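Take the position in the sequence shown, starting the count at 1, then add 107; the result is the number in our numbering. Notes to accompany the following structure.
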Amino acid sequence: MNIPENLRYTREHEWVSGDEVVTIGVTAFAADSLGDVVYVQLPDVGDKVTAGEVCGEIESTKSVSDLYSPVTGEVVEVNQSVVDKPETVNADPYDAGWLLRVRASSVPELLAADAYAALIQEG
Numbered sequence: 108m109n110i111p112e113n114l115r116y117t118r119e120h121e122w123v124s125g126d127e128v129v130t131i132g133v134t135a136f137a138a139d140s141l142g143d144v145v146y147v148q149l150p151d152v153g154d155k156v157t158a159g160e161v162c163g164e165i166e167s168t169k170s171v172s173d174l175y176s177p178v179t180g181e182v183v184e185v186n187q188s189v190v191d192k193p194e195t196v197n198a199d200p201y202d203a204g205w206l207l208r209v210r211a212s213s214v215p216e217l218l219a220a221d222a223y224a225a226l227i228q229e230g
């Protein structure tokens, strides 16, 4: 399983990159578990998001899953190409499949790559 060392992770399978403006996406583990992603609903630019609260959803051929914000702050960019081509989440979750960027006012404790790897191995 691909778990980049340079990212931080949540127990809900989101990844975070950056400090002041953070990029957020879902992990390869989440993308694989979801199956073929067919729809992505994201907050609008300017919306406020709160760490641990739902900020969107990802629909796949298997289910609809909530997307939780790993940070508190203001949405400054959404990845429109993922909205237009949701399958990008499956194909490239850590690069082209990023979901949104947030100007973070608060970043809670997140998991390092090794801790996230241990979490998903626990099942």
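Where is the CB? At the ideal position from N, CA and C, for every residue including glycine. As the structure is a prediction and not an experimental result, all values here were calculated from the model.
What residue ranges within the stretch 186-213 form continuous alpha helix (DSSP H) runs of no fewer than 4 residues, ordered along the chain?
187-191, 195-198
Taking DSSP as the reference, what is the three-state secondary structure of Leu218?
strand
The beta strand (DSSP E) with Ser172 in it runs from where to where?
171-175
Taking Gly125 as the reference, which of Asp199, Val209, Ala135 has the closest Cα?
The alpha carbon of Gly125 has as its nearest neighbour, out of Asp199, Val209, Ala135, the alpha carbon of Val209.
Go through its chain and collect everything with a Cβ distance to Val128's Cβ below 8 Å, but skip five positions before and after it.
Val183, Arg208, Val209, Arg210, Ala211
Excluding the 5 residues preceding and the 5 following Thr117 in the sequence, name in chain order all residues of the same chain whose CB lies nearer than 8 Å to its CB.
Val123, Tyr175, Pro177, Leu217, Leu218
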